[in-house]
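Undergrad: -6 is the number of the first residue of the sequence shown in the numbering used here; add one for each residue after it.
Idealized CB from N, CA, C, for every residue including glycine.
Sending over a structure as structure tokens; questions will come in a sec.
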Amino acid sequence: MTTRIQQSLHAILACPRQELGQLFYDKFLTNCPDAAPFFAGLDLKVQAKVLINSLQVVVACQFNQYPAAESYLVVLGNRHHRRNIPPSLYPQFREAMLLTLAQFHGDQWNDELEAEWRAALDRATEWMLSGYVVDHMTY
């Protein structure tokens, strides 16, 4: 049985890879200007594609509990830690992502889908923040 969030992800993946990502970064960097310095020098078109790949991991981690997905999120969190990205930005990221998903899905967006995405993003954040306690990881 496919969940709402999995159907949502399929719709996202059916679009050009950067579409939702670019929409997200426009919204996130506008609503959270404190995050802008962390994106200096990054190609946001590439970052938009990476974001979509990460959403696949978020969904895989939420529903399938794949150890590889969880490990990816820990490593990603460690990378954020090493770039000095403060944990205080994570809730702002989540809210911008939820607003982006709502805009992307339009009339298909509802409270149940929002709750599933919120839970998945919160769980992913927990895994990522666990990477903040490790000073150095090799991979």
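Kindly indicate which residue of 77, 57, 61 has the alpha-carbon position closest to the one of residue -1.
TA: Numbered from its first residue, the sequence shown carries residue -1 at position 6. Among 77, 57, 61, the Cα nearest to that of residue -1 belongs to 57.
Undergrad: Quick one: grab the DSSP three-state call for residue -4.
TA: One-based indexing of the sequence shown puts residue -4 at position 3. Looking at residue -4 - three-state DSSP - the assignment turns out to be coil, as it is neither helix nor strand.
Undergrad: I need the DSSP call for residue 9, collapsed to helix, strand or coil.
TA: Within the sequence shown, the letter at position 16 stands for residue 9. In the structure shown, residue 9 sits in coil (DSSP, three-state: anything other than H, G, I, E or B).
Undergrad: Around the C-beta of residue 24, are 16 or more other C-beta atoms found within 10 angstroms, so that it is buried, or is it exposed?
TA: Within the sequence shown, numbered from 1, the residue matching residue 24 stands at position 31. Result: exposed.
Undergrad: Can you list, in chain order, the residues of its chain with a C-beta nearer than 7 Å to that of residue 93? Leave out the 5 residues immediately preceding and following it.
TA: The sequence position of residue 93 within the sequence shown is 100, counting from 1. Around residue 93: 13, 16, 17, 20.
Undergrad: From what residue to what residue does the alpha helix (DSSP H) around residue 64 run?
TA: As a position in the sequence shown, residue 64 is number 71, starting the count at 1. Its alpha helix (DSSP H) spans residues 60 to 75.
Undergrad: For residue 55 and residue 61, what's the separation of their Cα atoms in angstroms?
TA: Within the sequence shown, the letter at position 62 stands for residue 55. Within the sequence shown, the letter at position 68 stands for residue 61. Approximately 12 Å between the Cα atoms of the pair.
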